[in-house]
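J.: Start counting the sequence shown at 23; every next residue gets the next number (the working numbering). For every residue, glycine included, the Cβ atom is placed at its ideal position computed from N, Cα and C. Predicted, not measured: the structure shown is a model, and the values here were computed from it.
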Amino acid sequence: MKKPVIIAITVSVLVVIFAFFFITLGNDPSKLPSTREGKQVPEFSASKLVEPGHIAEIITNEDIKGPALLNVWATWCPTCRDEHATLNVLKDQGVKIYGVNYKDDPEKAYEWLEELGNPYLFNFLDMSGAVGIELGVYGAPETYFIDQNNVIHYRHVGAILPEIWDTQLKAIYEEIMQTGDPS
């Protein structure tokens, strides 16, 4: 009698685990909630990413002038490398992009931009992750769409690739450019 009960319990537990993973894996990670939507870019003061050996100026949230994208990236992030070519194209199309170099080595970050191109108006260093915490960053890459008042209207989690930009994100950016609000 004990053996059927143990089998039933084991099967039940496996079904629950399977259901959890099935539901979780089906979620779109780019739709993670953001506590910053509708709020201004958080206040911060950080060093600007500069060539090694040079003195970095201090950047604050007031130096970011929207409408623009605020892109969180790092050299240790393979998905950031995947999206980098797209960001260079967007820059060439006139999209303003600011970079948040997240928990990274500044020398590696500078060399990476020298090698792959620099799509950013400027980058600032978030070596401790403090700005990331204020933004609600889950991981790199993440991109925040901000209006002319530096209010965050949308957050994209994951790489911005050409097909994602063309089918989803371009319309959001253009609406922010025209009206300041994508809704």
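Just grab the DSSP bridge partners of E164 for me.
T.: As a first step, residue 164 is located in the sequence shown; it is residue number 142 there, counting from the start. Paired residues: V94, V179.
J.: Starting from K87, follow its DSSP beta bridges and name the residues at the other end.
T.: In the sequence shown, counting from the first residue as 1, residue 87 sits at position 65. Per DSSP, none; premise fails for K87.
J.: Where do the ends of the alpha helix (DSSP H) carrying V111 lie?
T.: Position 89 of the sequence shown holds residue 111. Taken as a continuous stretch (DSSP letters only), the alpha helix (DSSP H) holding V111 covers 100-114.
J.: Inspect the beta-carbon positions of D126 and A90 and report whether they are closer than 7 angstroms.
T.: Translated into the one-based positions of the sequence shown, residue 126 becomes position 104. Translated into the one-based positions of the sequence shown, residue 90 becomes position 68. No, these two residues do not count as a Cβ contact at 7 angstroms.
J.: What does the Cβ neighbour count give for K118, buried or exposed, with the cut at 16 atoms within 10 Å?
T.: As a first step, residue 118 must be located in the sequence shown, where it is residue number 96. K118 is buried by the Cβ-count criterion.
J.: What are the start and end residues of the alpha helix (DSSP H) that includes I155?
T.: Numbered from its first residue, the sequence shown carries residue 155 at position 133. Start and end: 152-157.
J.: Taking the beta carbon of P51 as the centre, do at least 16 other beta carbons fall within 10 Å, making it buried, or is it exposed?
T.: As a working mapping, residue 51 is identified with position 29 in the sequence shown. Reliability of the predicted coordinates at P51 is poor, the pLDDT of 45 falling under 50, and the value obtained from them is presented with this limitation in mind. Answer is exposed; the Cβ neighbour count stays below 16.
J.: Would you check if the distance between the CB atom of F167 and the CB atom of I194 is smaller than 7 angstroms?
T.: Mapped onto the sequence shown, residue 167 falls at position 145. Mapped onto the sequence shown, residue 194 falls at position 172. Contact flag set, yes.
J.: Report the option in N93, E197, K87 whose CA atom is closest to the CA atom of V153.
T.: Here the question's residue 153 lines up with position 131 in the sequence shown. For V153, the nearest C-alpha among the options comes from N93.
J.: What span of residues does the beta strand (DSSP E) with L147 cover, start to end?
T.: As a position in the sequence shown, residue 147 is number 125, starting the count at 1. Where L147 is concerned, the enclosing beta strand (DSSP E) stretches over 145-148.
J.: Among N83, D85, E84, A68, whose alpha-carbon lies nearest the alpha-carbon of I77?
T.: Counted from its first residue, the sequence shown places residue 77 at position 55. Of the listed residues, the one whose Cα sits closest to I77 is A68.
J.: Can you tell me the Cα-Cα spacing of V173 and P26, whole angstroms?
T.: In the sequence shown, the residue the question calls residue 173 occupies position 151. In the sequence shown, the residue the question calls residue 26 occupies position 4. Roughly 59 angstroms separates the two Cα atoms.
J.: When burial is assigned at 16 or more other CB atoms within 10 Å of the CB, is D114 buried or exposed?
T.: The sequence position of residue 114 within the sequence shown is 92, counting from 1. Flag for D114 reads exposed.
J.: Can you tell me where the alpha helix (DSSP H) with Y132 in it begins and where it stops?
T.: Within the sequence shown, numbered from 1, the residue matching residue 132 stands at position 110. 128-138 is the span of the alpha helix (DSSP H), which, as asked, contains Y132.
J.: Determine the DSSP secondary structure at A68, reduced to helix, strand or coil.
T.: Taking the first residue of the sequence shown as 1, we reach residue 68 at position 46. It is a strand residue.
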